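Numbering (the working numbering), first residue to last: 3 to 147. In this text, a Cβ means the ideal position worked out from N, Cα and C, and glycines have one as well. Just so you know, these numbers come straight off a predicted model, no measurement behind them. For reference, the structure discussed in these notes is given below.
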């Protein structure tokens, strides 16, 4: 397999994604277990809902797979929404919520554009719905004829 080098812009977006990702990986356990432990929830519950989702894309990110960066955006939305909620309901924790928002935003933007640029560099194509529908229509018409 040939190695295709990353452009400067691709590297920039990957760094942005990794800063956000690693930031969340460090921030969330520290915040949830040390800074502001919540006695209403068990440690298992907190781990399952606040830390475990971040571990799901870890292998693909380590292996530098653009597709993993793309679907990791679904996971980062949890932290984006959580941070906005915390800013609204817990002003005493605004520092931590703003950090979470910053890391989630960095990860989202970085993952989005890294997946796009790296996918283009590697020649990966994601078919558009319009192309799929045209192929489906053509296949249906050929069966009718």
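(request) Can you tell me which of the three DSSP states residue 7 falls into? (result) Annotated three-state conformation of residue 7 is coil, per DSSP.
(request) Specify, as a first and last residue, the run of the alpha helix (DSSP H) that residue 45 falls within. (result) Element bounds for residue 45: 45–48.
(message) Within the continuous alpha helix (DSSP H) that includes residue 68, where are the two ends?
(response) DSSP places residue 68 inside the alpha helix (DSSP H), whose first and last residues are 68–91.
(request) Pick helix, strand or coil for residue 25, following the three-state DSSP scheme. (result) Residue state, collapsed to three classes: helix.
(message) Check whether the segment 26–36 and the segment 111–123 touch, using three or more Cβ-Cβ pairs below 8 Å as the test.
(response) No, because fewer than three Cβ pairs between the segment 26–36 and the segment 111–123 fall closer than 8 Å, the two stretches do not touch.
(request) Using the Cα positions of residue 51 and residue 145, report the straight-line distance between them to the nearest angstrom. (result) If you draw a straight line from the Cα of residue 51 to the Cα of residue 145, it comes to about 49 Å.
(request) Measure the beta-carbon distance from residue 80 to residue 71 and round it to whole angstroms, keeping in mind my assumption that it falls under 8 Å. (result) The Cβ separation is near 16 Å, so there is no contact.
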